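Numbering (my numbering), first residue to last: 1126 to 1329. Note that beta-carbon positions come from the ideal geometry of N, C-alpha and C, so glycine has one too. These numbers come from a predicted model, not from an experiment. Structure, as structure tokens:
Quick look at the structure:
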């Protein structure tokens, strides 16, 4: 079912897709604008989050994001949604951006990733996020203004190529990074993860 073209949509299907897209985009909007109470309403009570710097449930994720106190906006490019009854998988193409100072030089981080959401609809026909993970693609770290900065390649060699710059920045501000997440530098693991999402979506 996952990665197949959606068939003709009924009015109810279109409403579900609109509501799903709204909740996941609103969750990112809340993260970017420090709307912590509103962000909490997007997650199911038993939700599971596993990204570069955090692993836990939705409520804990919101609190950890609040404590992080870093402006790192997400630029959303496209979202693809597959629905099966009261379950849905949404894959959001996005870029994570952060501005920070390294060795007295103002730098811009850009990290391209696919945000993978699992959602379920409750008895009141409301959709909630039950799972959120990332598939990391590539990233870059460049000076904000034309200038030179010397960061040896050796400082990045310990990191995965799909999120090396993101890992470097997170470590520099005191966060431990999970180096075994899904990334396009490990295509077999990404395919296995997609199969896992599809199995969850199609299970009765």
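Spanning the alpha carbons of residue 1198 and residue 1156 requires a straight line of approximately 8 Å. Between residue 1268 and residue 1230, the C-beta gap is smaller than 8 Å, which places the two residues in contact. Spatial neighbours of residue 1284 in its own chain (CB-CB distance under 6 Å, excluding positions within 5 residues in sequence) are listed in chain order as 1292. The straight-line gap separating the alpha-carbon atoms of residue 1319 and residue 1127 is approximately 8 Å. Taking 4 residues as the shortest admissible run, the region 1239-1314 contains the following complete alpha helix (DSSP H) segments, listed from N- to C-terminal end: 1289-1297.
Exposed is the label assigned to residue 1140, since fewer than 16 other Cβ atoms lie within 10 Å of its Cβ. Secondary structure remark: continuous alpha helix (DSSP H) runs of at least 4 residues inside the region 1181-1216, in chain order: 1183-1193. Counting other Cβ atoms within 10 Å of its Cβ, residue 1133 stays below 16 and is therefore classed as exposed. Nearest in C-alpha terms to residue 1326, of all of 1192, 1211, 1144 and 1184, is 1211. Between the region 1299-1314 and the region 1256-1274 there are three or more C-beta pairs closer than 8 Å, enough to call the two in contact. If the five residues before and after residue 1296 are omitted, its C-beta is found closer than 7 Å to the C-beta atoms of 1302, all from its own chain and listed in chain order.
A distance below 8 Å separates the beta carbons of residue 1201 and residue 1217. For residue 1141, the uninterrupted alpha helix (DSSP H) segment begins and ends at 1136-1157.
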